[in-house]
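Top to bottom, those sequences are chains A and L. According to the numbering used here, the first sequence holds residues 75 to 341 in order. According to the numbering used here, the second sequence holds residues 17 to 201 in order. Here's the structure, in structure tokens; my notes come after.
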Amino acid sequence: MFKQKNYLALGAVVFVAIVLLSLPTRATAHLKLAIGSWFLPLFGLAGAAQQLPADLADSVLSRRELLHQVDSLRRENQQLKEQQIQTVAIARENDQLRALFNWRKTMPWRLKLAKVVMRDPANWWRTIQIDLGSRDGLTNDLPVITDAGLVGRVSSVSLTHSQVVLVGDPNCRVSALVENAARDMGVLIAGGTLDTSLVELTYLASSANLKSGQSVITSGLGGVFPPGIPIGQIVDSRSVEYGLYTDARVKLNANLGSLEQVWVLFP
Amino acid sequence: MNIFRTILILACAFLAVFGEATLSAPRHWLGAQVDLLPALMVYTALIADLPAVALLAVLGGLWFDALSANPLGLSIMPLAVIGWPIYLRRDLILRDLPFAQLVLGAAASALAPALALLLMLSGGKEMLLGWGTLWQWLVMTGAGAVATPFIFSLMEAGNRALGYQERVEAGFRPDREIQRSRRKL
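Take a look at the structure:
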């Protein structure tokens, strides 16, 4: 029953696995992206199939409905224009004050919209793939956000696609601060395995005065995430290691379970 | 060797990995993504030949790892560890019984993620683990068990519809026929 060819085949498979696992990280990343690109035609098909119902719905919208949408968009556009005028005035005032105190001028964020094309098939990682790659100017470690808040950072880039490691994955640690009087700082680490909306904020000072509902934003330390990006809100906190430091649970603003479009933030 | 069966198995593995990466419904409803590769490996090891088992372990593992944050090549070993013992002992398994398929599917779907996690932990990787992982493991086991008989039916239907059947040799041979006649030889 245990013929030699069985052992040879098993040996060959184990050899391939060991060779692949012992490849340098850079070579593995390139190989992964190359193998992952086999799925590109299917991603295209899936995208087109998802778009089809929306296109069909658009084609059968009544004139009345369309006029209603145009009207609401006009109103929204007017409001946004007014907000922009105010923002420009505030930015000008900010620049003048910075010049007065000789502070370095901050650059406005440049954003690029990306579509989420897939999620990690393994349950023990939290990553997604987006449809922007190196041809769109993406590089590793660029922050990824939604209009609600922080989502994660770019972890690997191919020509047309990129992998984004989400907040709550062990490979995405974020330096964060709580918007309270003391501006307590901590590190955002992995959260629960089932609930993607909760993450852990750890290494907070033992004297931290945390209350449920306080906002958590990026601190800017670490050099990856710029300061001030909203992350979430404190749910509860507890003292750990006999009062050495405090841990808090944070409910993320962005809904990581149903991401469809995200913004990649360029420095 | 029926090459069509191998191609069909690999095509199904490719689509299964793609489906796992794009369909988020199981994650929303059950809290875990279902992995169909172990169930497909059970079918392959019981029905197909050795090259098909080896190809599914290597290509299926590579495809899965390429779309995941797993180290590349990690999923090859668990699939091979599932496939080989079943292949070697398949003559002793009542493979046509749905209950046998269900039990093997459950065992394979339980073993594959456990082995993958074990390999990663032994490599010093930090993953998203907790009490919820136990629930995800149960979901993967249950879903894999249920999926295995369906995979058997689906693959056999696909094979019947698109593949060629092996020629069956008849027992009758004209040269061995006993000639009977009244004539004296």
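Ideal Cβ positions, reconstructed from N, Cα and C, are used throughout, including at glycine.
For this session: Check the Cβ of asparagine 86/L against every Cβ in chain A and list those closer than 7 Å, keeping chain order.
Result: Simply Ala196.
Exercise. Using a C-beta cutoff of 9 Å, does serine 125/L count as contacting chain A?
Worked result: Interface flag for serine 125/L against chain A is unset, since no Cβ pair is found closer than 9 Å.
Problem set entry | 6 Å CB neighbourhood of glutamine 170/A in its chain, flanking five on each side removed | None.
For this session: Pull out every residue of the region 38-61 of chain L whose Cβ sits closer than 8 Å to any Cβ of chain A, in chain order.
Result: So the list reads Thr38, Ser40, Arg43, His44, Gly47, Ala48, Gln49 and Asp51, given in the order they occur along the chain.
For this session: Evaluate methionine 75/A with the Cβ neighbour count: other Cβ atoms within 10 Å of its Cβ, from every protein chain shown; 16 or more gives buried, anything less gives exposed.
Result: Residue placement at methionine 75/A cannot be trusted, given a pLDDT of 49 that sits under 50; what the coordinates show is reported in the next sentence. That one is exposed.
Problem set entry | chain A contact for threonine 22/L (CB, 9 Å cutoff) | Taking a beta-carbon distance threshold of 9 Å, threonine 22/L does not count as an interface residue toward chain A.
Exercise. Taking the alpha carbon of proline 217/A as the point to measure from, which residue in Arg149/A, Ser232/A, Ala188/A and Thr234/A has its own alpha carbon closest?
Worked result: Comparing Cα positions, the closest option is Ala188/A.
Problem set entry | glutamate 36/L versus Pro195/A, Pro115/A, Asn168/A and Ala131/A, residue with shortest Cα-Cα distance | The shortest C-alpha separation from glutamate 36/L is found at Pro195/A.
Exercise. Hey, quick one: how far does the beta strand (DSSP E) through threonine 292/A stretch, first residue to last?
Worked result: For threonine 292/A, the enclosing beta strand (DSSP E) covers residues 289-292.
Problem set entry | alanine 86/A versus alanine 103/A: straight-line alpha-carbon distance, rounded | When rounded, the distance between both Cα atoms is 23 Å.
Exercise. DSSP three-state call for tyrosine 316/A: helix, strand or coil?
Worked result: Secondary structure at tyrosine 316/A: coil, using DSSP grouped into helix, strand and coil.
Exercise. Going along the chain, which residues of the region 168-187 of chain A sit with their C-beta nearer than 8 Å to a C-beta in chain L?
Worked result: Of all residues in the region 168-187 of chain A, none has a Cβ within less than 8 Å of some Cβ in chain L.
Problem set entry | For arginine 178/A: DSSP bridge partner residues | Bridge partners of arginine 178/A according to DSSP: none are assigned.
Problem set entry | Three-state class that DSSP yields for glutamine 152/A in the structure shown | If DSSP states are grouped into helix, strand and coil, glutamine 152/A belongs with the helices.
Exercise. If we cut at 9 Å on Cβ distances, does threonine 157/L have a partner in chain A?
Worked result: Not an interface residue.
Problem set entry | arginine 200/A burial status per 10 Å Cβ neighbour count (16 or more: buried) | Of the other Cβ atoms in all chains shown, 16 or more fall within 10 Å of the Cβ of arginine 200/A; this residue is therefore buried.
Problem set entry | Rounded straight-line distance, which links the Cα of alanine 73/L to that of tryptophan 147/L | Cα atoms of tryptophan 147/L and alanine 73/L: separation of roughly 29 Å, rounded to the nearest angstrom.
Exercise. Which same chain residues, not among the five before or five after valine 336/A, have their C-beta less than 6 Å away from its C-beta?
Worked result: The residues are Ala188, Val218, Thr220 and Val225.
Problem set entry | Partner residues on chain L for aspartate 243/A, Cβ-Cβ distance less than 8 Å | In chain order: Ala85 and Leu144.
Problem set entry | valine 190/A: CB within 8 Å of a non-hydrogen atom of the ligand SAM | In the structure on display, the ligand SAM does not appear, and there are no ligands present to speak of.
For this session: Inspect the CB distances between the region 228-236 of chain A and the region 300-307 of chain A and report whether three or more fall short of 8 Å.
Result: No: fewer than three Cβ pairs fall under 8 Å.
For this session: Could you check if isoleucine 291/A is buried or exposed, using at least 16 other CB atoms within 10 Å of its CB as the buried criterion?
Result: In summary, isoleucine 291/A is buried, with 16 or more beta-carbon neighbours lying within 10 Å of its beta-carbon over all protein chains present.
Problem set entry | Chain-ordered neighbours of leucine 114/A on chain L, where CB pairs are closer than 8 Å | Ordered by position in chain L, no residue passes the 8 Å Cβ test against leucine 114/A, which lies about 11 Å from the chain.
Exercise. Does the region 161-173 of chain L come close enough to the region 114-133 of chain L that 3 or more CB-CB pairs lie under 8 Å?
Worked result: Per the Cβ contact rule, the region 114-133 of chain L is in contact with the region 161-173 of chain L (3 or more Cβ pairs under 8 Å).
For this session: Using a Cβ-Cβ cut-off of less than 9 Å, list which residues of the region 103-117 of chain L approach chain A; keep chain order.
Result: Cβ contacts with chain A come from Tyr103, Leu104, Arg105 and Asp107.
For this session: Under 8 Å between beta-carbons, which chain L residues line up against alanine 86/A? List them in chain order, please.
Result: Ala70, listed in chain order.
Problem set entry | Below-9 Å beta-carbon distance, serine 332/A vs any chain L residue | Using a CB distance cut-off of 9 Å, serine 332/A counts as an interface residue toward chain L.
Exercise. Beta carbon of glycine 331/A, beta carbon of glycine 223/A: below 9 Å?
Worked result: Cβ atoms of glycine 331/A and glycine 223/A: not closer than 9 Å.
For this session: Could you say if the region 72-91 of chain L and the region 110-121 of chain A meet the contact criterion of at least three C-beta pairs nearer than 8 Å?
Result: Taking a contact to require three or more Cβ pairs closer than 8 Å, the region 72-91 of chain L and the region 110-121 of chain A qualify as touching.
Exercise. Residue range of the beta strand (DSSP E) that glycine 260/A falls in?
Worked result: Judged by DSSP secondary structure, glycine 260/A falls within the beta strand (DSSP E) whose first and last residues are 259-263.
For this session: Please report how far the alpha carbon of leucine 130/A lies from the alpha carbon of arginine 137/A, in whole angstroms.
Result: The alpha-carbon atoms of leucine 130/A and arginine 137/A are separated by roughly 15 Å.
For this session: Indicate whether at least one CB of chain L lies closer than 9 Å to the CB of threonine 234/A.
Result: Chain L, which has no Cβ nearer than 9 Å to the Cβ of threonine 234/A, makes this no.
Exercise. Roughly how many angstroms separate the alpha carbons of glutamate 274/A and cysteine 246/A, rounded to a whole number?
Worked result: Approximately 12 Å, taken between the alpha carbons.
Problem set entry | Inter-residue spacing [alpha-carbon to alpha-carbon] between aspartate 112/L and serine 313/A | Roughly 57 Å separates the two Cα atoms.
For this session: Step through the CB atoms of chain A and report whether any lies within less than 9 Å of the CB of proline 190/L.
Result: Not flagged as an interface residue toward chain A: proline 190/L, since no C-beta distance is shorter than 9 Å.
Exercise. At least one CB of chain L closer than 9 Å to the CB of isoleucine 109/A: is that the case?
Worked result: Judged by the 9 Å Cβ criterion, isoleucine 109/A is in contact with chain L.
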